[in-house]
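There are 2 protein chains.
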Amino acid sequence: MRAAATSFVVVMPRTNTQVVLARRPNGNVTTDCFATQTVDIPALREGEALLEVRYVGIDPTIRGWIKERGSYMAPVAIGEVVRASGVGVIVATTDQQKYPLGQAYTALTGWQQYRVFEPDENPPVTPVAEGISLLDAMNWLGQIGMTAFLGVLDVAKPQPGETFVVSAAASGVGCLAGQIAKLEGAKVIGIAGSDQKCAWVVDELGFDACINYKTEDVSSQLKAHAPQGIDVYFDNVGGALLDVVLRRIANRGRVVLCGDLSTYDTDVPDVPLYNLKYLMGRRARMEGFNTLDHWGRLVEAHAMLIGWFQAGLIKRRDDVVLGLDHAPDALVRLFRGDHLGKLVVQVAP
Amino acid sequence: MRAAATSFVVVMPRTNTQVVLARRPNGNVTTDCFATQTVDIPALREGEALLEVRYVGIDPTIRGWIKERGSYMAPVAIGEVVRASGVGVIVATTDQQKYPLGQAYTALTGWQQYRVFEPDENPPVTPVAEGISLLDAMNWLGQIGMTAFLGVLDVAKPQPGETFVVSAAASGVGCLAGQIAKLEGAKVIGIAGSDQKCAWVVDELGFDACINYKTEDVSSQLKAHAPQGIDVYFDNVGGALLDVVLRRIANRGRVVLCGDLSTYDTDVPDVPLYNLKYLMGRRARMEGFNTLDHWGRLVEAHAMLIGWFQAGLIKRRDDVVLGLDHAPDALVRLFRGDHLGKLVVQVAP
Chain E
1 MRAAATSFVV VMPRTNTQVV LARRPNGNVT TDCFATQTVD IPALREGEAL LEVRYVGIDP
61 TIRGWIKERG SYMAPVAIGE VVRASGVGVI VATTDQQKYP LGQAYTALTG WQQYRVFEPD
121 ENPPVTPVAE GISLLDAMNW LGQIGMTAFL GVLDVAKPQP GETFVVSAAA SGVGCLAGQI
181 AKLEGAKVIG IAGSDQKCAW VVDELGFDAC INYKTEDVSS QLKAHAPQGI DVYFDNVGGA
241 LLDVVLRRIA NRGRVVLCGD LSTYDTDVPD VPLYNLKYLM GRRARMEGFN TLDHWGRLVE
301 AHAMLIGWFQ AGLIKRRDDV VLGLDHAPDA LVRLFRGDHL GKLVVQVAP
Chain W
350 MRAAATSFVV VMPRTNTQVV LARRPNGNVT TDCFATQTVD IPALREGEAL LEVRYVGIDP
410 TIRGWIKERG SYMAPVAIGE VVRASGVGVI VATTDQQKYP LGQAYTALTG WQQYRVFEPD
470 ENPPVTPVAE GISLLDAMNW LGQIGMTAFL GVLDVAKPQP GETFVVSAAA SGVGCLAGQI
530 AKLEGAKVIG IAGSDQKCAW VVDELGFDAC INYKTEDVSS QLKAHAPQGI DVYFDNVGGA
590 LLDVVLRRIA NRGRVVLCGD LSTYDTDVPD VPLYNLKYLM GRRARMEGFN TLDHWGRLVE
650 AHAMLIGWFQ AGLIKRRDDV VLGLDHAPDA LVRLFRGDHL GKLVVQVAP
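Protein chains in written order, with my numbering: chain E, 1 to 349; chain W, 350 to 698.
Shown next, in the form of structure tokens:
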């Protein structure tokens, strides 16, 4: 047993390598929008702690944050560390009660080696529970898992026998959302951008069907696979595809606006939505969704996801890129769309 | 006291004057889209009854029903009686138990003098309760009142202090919706098409403000009147105005798609919606709505509306046109928008 203490003397790391925003994208994001810099780590002040970042996310939402106008959070400024989810471990602390040494957390770490935790972080940082790997914590047991879990169970609420369509079906969120809907008894139809992705979600994950939007006519395929209409559309991409799906929405259908990947990586104005009238005619609902509003369900969601995984009922996949300096090209690759599952960067190569 | 009987011999009216669809509108609806005809009334069959129609509605939804593709119901065929809500009294019956002589009903009567009730009407016809005038029954205690009541209380659910915006604010549904939201403690901002309408809803009905969309910049006016954003948009018009409002939707805001008046009376393709991203970013909701899904609340809604009216808490206004043959020009006038409150035709001049 050790005596209680209010501060800990540790060997502080001296420098912090960061990827910062060098310029805003003009059209598709390119690696020269980013620069790497190394800065000194300041001494911790009362109540602060230092997180050594192990993995950072390569998430579509980053593309929104580096736009001039930002999205639901303020835009990342030029010269500022690129905002991103991440996971790491406390390596120095002035408040052992609040931020114990060695404790792992998921947080908006940004693309950097170290992140100073303030006494009151907002949005709150989340301790990683005993026995959960860092990679799992930031993927299917983190933001990705929460998004799929809460988006499906608390917003979309598919009922047994209903038809559930999910876009970006092979993405981290998409592949989990489809699997959770399947557990709820829905008929699940994926939409993805390659035959390889479609084969994966049907053959490995048990989706009922998958439409390759690059080679197939989505509208007629939806009609074939969902002759009674679409009860739930879990939308990760927005744009023209949303318009196509709205045309076939069922009475009392639900569209969960989880992401609009198709509009993130471009300066082209948003594709207009012509089929909104079907939302009214069919008394359907379209709803924006962000896990920020659902933190209260975190513990329960964790427990259920772990239970499902241990029972072999859900599968997931990580695509891990080595080295913080590869974060920019991983983001470029994200929008090219040739990955399966959740794309992350392991900070130390 | 009279003995029970299974059928009643009455003096049946012989002929029925009807307004039928002569051709579909090409652009704005015009009176020559309609024709008047007089047909013989067939003998009633077992279980049928004959309703003498007293008032018929001049409703925006009629414009959707006479389009080639219809809307949430099948389109009215060429030569068919124009579908419309209405109210009347049973003047002949073969089932005194089910359709008693003298009983008033609201129903989809169509634009005609008489309507045969089948043994099983679907959608169901609604008896008018004792003590309620026929005009009230088809307006603020009928479809119009139910739409406003259920759309506000069961779908939009404004909370005290929230900002509630309603378009077509001087229409039958709009003026009631705003007043009900006001009773719920919301700040109510109307949008209407003339200074006269705006003055009416503010001075007479107690709205907090009203924007004349024909002469004012709606976006900047909304910003001025709703600096914290719009919590509820009760949308009766759709189109470009919806897009303007979406730009200023609040976090967790609700858009109730009650009608898209602006798109009814035209063949011009729907105005695209560019600001959908705000729905996602602000975790807001947009929902189609139709009272067909809420019949269970009819009795309660009636009771509450009557209570509010008797207490002087809500006001309403009818604009009554005399004579069935004026139904077509009343519909044209509806889309010109120079009426206040609910527009109806009294069948017998």
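All C-beta atoms, glycine included, are put in the ideal place defined by N, C-alpha and C.
Quantities reported herein were computed from a predicted structural model and do not represent experimental measurements.
Quiz item: Which residues in the same chain as E/Asp195 place their Cβ atom closer than 7 Å to its Cβ, once the five residues preceding and following it in sequence are excluded?
Solution: On the first sequence, residue 195 of chain E is found 195 positions in, with the first residue counted as 1. If we look at E/Asp195 and ignore the five residues flanking it on each side, its Cβ neighbours are Asn212.
Self-check item: Contact check, W/Val440 vs W/Leu399, beta carbons under 8 Å
Solution: Locating residue 440 of chain W in the second sequence gives position 91, counting from the first residue. Locating residue 399 of chain W in the second sequence gives position 50, counting from the first residue. Cβ atoms of W/Val440 and W/Leu399: closer than 8 Å.
Self-check item: Contact list for E/Leu298 against chain W, beta-carbon separation under 8 Å
Solution: Here residue 298 of chain E is taken as the residue at index 298 of the first sequence, counted from 1. Within chain W, not a single residue places a beta-carbon under 8 Å from that of E/Leu298; the smallest gap is close to 17 Å.
Self-check item: N-terminal and C-terminal residue of the alpha helix (DSSP H) that W/Cys705 is part of
Solution: Only positions 350 to 698 of chain W appear in this structure, which leaves residue 705 of chain W out of reach.
Quiz item: So which residues on chain W does E/Asp260 lean against when the C-beta distance must stay under 9 Å?
Solution: Locating residue 260 of chain E in the first sequence gives position 260, counting from the first residue. What E/Asp260 touches in chain W: Leu625, Lys626 and Met629.
Quiz prompt | When E/Gly88, E/Gln112, E/Glu48 and E/Glu68 are compared against E/Asp95, the one with the closest alpha-carbon | solution = Counting from 1 along the first sequence, the entry for residue 95 of chain E is found at position 95. Nearest C-alpha to E/Asp95: E/Glu48.
Self-check item: Per DSSP, cross-strand counterpart(s) of W/Ser520
Solution: Counted from its first residue, the second sequence places residue 520 of chain W at position 171. Answer is W/Gly690.
Quiz prompt | Minimum C-alpha distance to W/Pro449 - residue among W/Leu457, W/Leu590, W/Glu401 and W/Asn377 | solution = The residue given as residue 449 of chain W occupies position 100 in the second sequence. The shortest Cα separation from W/Pro449 among W/Leu457, W/Leu590, W/Glu401 and W/Asn377 belongs to W/Glu401.
Exercise. Determine the extent of the alpha helix (DSSP H) in which W/Glu649 is found, giving its start and end residues.
Key: The count along the second sequence starts at 1 and reaches residue 649 of chain W at position 300. For W/Glu649, the uninterrupted alpha helix (DSSP H) run begins and ends at Leu647 to Gln659, by DSSP.
Self-check item: Contacting residues, own chain, Cβ-Cβ under 8 Å from W/Ser434 (five flanking each side not counted)
Solution: Here residue 434 of chain W corresponds to residue number 85 of the second sequence, with the count starting at 1. Answer for W/Ser434: Val405, Gly406, Asp408, Thr455, Ala456, Leu457, Thr458, Met487, Gly491 and Gln492, listed in chain order.
Exercise. Report yes if the CB atom of W/Asp592 is closer than 8 Å to the CB atom of W/Tyr623, and no otherwise.
Key: Here residue 592 of chain W refers to the residue found at position 243 when the second sequence is read from its first residue. Here residue 623 of chain W refers to the residue found at position 274 when the second sequence is read from its first residue. In this structure, W/Tyr623 lies closer than 8 Å to W/Asp592 by Cβ.
Quiz item: Closest to W/Arg363 by CA distance: which of W/Phe383, W/Asn377, W/Asp389 and W/Thr380 is it?
Solution: Start at 1 with the first residue of the second sequence, and residue 363 of chain W comes out as number 14. The residue with the shortest Cα to Cα distance from W/Arg363 is W/Asp389.
Practice problem: Give a yes or no on whether 8 Å exceeds the smallest Cβ distance from E/Glu287 to chain W. | Solution: Position 287 of the first sequence, counting from 1, holds the residue named residue 287 of chain E. Closer than 8 Å to some Cβ of chain W, the Cβ of E/Glu287 qualifies, so yes.
Quiz prompt | In DSSP terms, what W/Asp678 is bridged to | solution = Stepping through the second sequence from its first residue, residue 678 of chain W is reached at position 329. Answer is none; W/Asp678 lacks a bridge partner.
Practice problem: Given a cut-off of 8 Å, decide if W/Ala518 and W/Lys546 are closer than it, judged by their beta-carbon atoms. | Solution: One-based indexing of the second sequence puts residue 546 of chain W at position 197. One-based indexing of the second sequence puts residue 518 of chain W at position 169. Against a cut-off of 8 Å, the Cβ pair of W/Ala518 and W/Lys546 comes out as a contact.
Quiz item: Is the CB of W/Arg632 under 8 Å away from at least one CB in chain E?
Solution: Along the second sequence, read from residue 1 onward, the residue named residue 632 of chain W stands at position 283. Output row for W/Arg632: interface = yes.
Exercise. Provide the residue span of the beta strand (DSSP E) that contains E/Met286, from first to last.
Key: Indexing the first sequence from 1 puts residue 286 of chain E at position 286. Where E/Met286 is concerned, the enclosing beta strand (DSSP E) stretches over Arg285 to Gly288.
Self-check item: C-alpha gap between E/Met12 and E/Ala43, whole angstroms
Solution: As a working mapping, residue 12 of chain E is identified with position 12 in the first sequence. As a working mapping, residue 43 of chain E is identified with position 43 in the first sequence. Roughly 8 Å between the two C-alpha positions.
Quiz item: Along chain W, which residues have their Cβ under 7 Å away from the Cβ of E/Asn290?
Solution: Position 290 of the first sequence, counted from the first residue, corresponds to residue 290 of chain E. Those are Arg632, listed as they occur along chain W.
Quiz item: Taking just the CA atoms, how far does W/Gln659 sit from W/Gly686?
Solution: If you number the second sequence from 1, residue 686 of chain W lands on position 337. If you number the second sequence from 1, residue 659 of chain W lands on position 310. The straight-line gap from Cα to Cα measures roughly 29 Å.
Exercise. Measure from the C-beta of E/Pro272 to each C-beta in chain W and report whether the shortest distance is under 8 Å.
Key: Position 272 of the first sequence holds residue 272 of chain E. Yes, contact with chain W.
Quiz item: Is DSSP giving E/Leu183 helix, strand or coil here?
Solution: Translated into the one-based positions of the first sequence, residue 183 of chain E becomes position 183. Three-state result, E/Leu183: helix.
Quiz prompt | Start-to-end residues for the beta strand (DSSP E) that takes in W/Val378 | solution = Residue 378 of chain W sits at position 29 when you count from the first residue of the second sequence. Careful: W/Val378 lies outside any beta strand (DSSP E) and carries neither H nor E.
Quiz item: Per DSSP, which one or two residues make a beta bridge with E/Leu292?
Solution: For this step, residue 292 of chain E is matched to residue 292 along the first sequence. Paired residue(s): none; E/Leu292 is not in a bridge.
Quiz item: Just the Cα atoms here: how many angstroms apart are E/Val344 and E/Leu135?
Solution: Numbered from 1 along the first sequence, position 344 holds the residue referred to as residue 344 of chain E. Numbered from 1 along the first sequence, position 135 holds the residue referred to as residue 135 of chain E. Taking the straight line from one Cα to the other gives about 9 Å.
Quiz item: Between E/Leu322 and chain W, is there a C-beta pair that is closer than 8 Å?
Solution: Counting from 1 along the first sequence, the entry for residue 322 of chain E is found at position 322. It does not; no Cβ of chain W falls within 8 Å.
Exercise. Look at the alpha carbon of W/Arg403 and the alpha carbon of W/Gln461, and state the distance between them as a whole number of angstroms.
Key: The count along the second sequence starts at 1 and reaches residue 403 of chain W at position 54. The count along the second sequence starts at 1 and reaches residue 461 of chain W at position 112. So the alpha carbons of these two residues sit roughly 9 Å apart.
Quiz item: For W/Asn365, does the count of other Cβ atoms within 10 angstroms reach 16, so buried, or fall short, so exposed?
Solution: The residue you call residue 365 of chain W lines up with position 16 of the second sequence. That one is buried.
Quiz item: Looking at the unbroken beta strand (DSSP E) that takes in W/Thr496, where does it start and where does it end?
Solution: Here the question's residue 496 of chain W lines up with position 147 in the second sequence. Taken as a continuous stretch (DSSP letters only), W/Thr496 belongs to no beta strand (DSSP E), being part of the alpha helix (DSSP H) at Gln492 to Leu499.
Quiz item: So, does the CB of E/Asp154 fall closer than 8 Å to a CB anywhere in chain W?
Solution: Counting from one through the first sequence, the residue named residue 154 of chain E turns up at place 154. Not an interface residue.
Quiz prompt | Best match in E/Val321, E/Leu305 and E/Leu322 for proximity to E/Ile314 [C-alpha to C-alpha] | solution = Locating residue 314 of chain E in the first sequence gives position 314, where the first residue counts as 1. Nearest of E/Val321, E/Leu305 and E/Leu322 to E/Ile314, Cα basis: E/Leu305.
Quiz prompt | Residue from E/Ser133, E/Pro75, E/Lys277 and E/Gly172 whose Cα sits closest to the Cα of E/Arg317 | solution = Within the first sequence, numbered from 1, the residue matching residue 317 of chain E stands at position 317. Closest by alpha carbon: E/Gly172.
Quiz item: What are the boundary residues of the alpha helix (DSSP H) that E/Tyr264 is part of?
Solution: Here residue 264 of chain E refers to the residue found at position 264 of the first sequence. Leu261 to Tyr264 is the extent of the alpha helix (DSSP H) around E/Tyr264.
Practice problem: Could you have a look at E/Arg252 and say whether DSSP puts it in helix, strand or coil? | Solution: Taking the first sequence and counting its residues from 1, one reaches residue 252 of chain E at position 252. Three-state DSSP puts E/Arg252 in a strand.
Quiz item: Roughly how many whole angstroms lie between the Cα atoms of E/Ala301 and E/Pro272?
Solution: For the purposes of this step, residue 301 of chain E is taken as residue 301 along the first sequence, with counting starting at 1. For the purposes of this step, residue 272 of chain E is taken as residue 272 along the first sequence, with counting starting at 1. The straight-line gap from Cα to Cα measures roughly 35 Å.
Quiz item: Just by C-beta distance, which residues in the segment 383-413 of chain W are closer than 7 Å to chain E?
Solution: none
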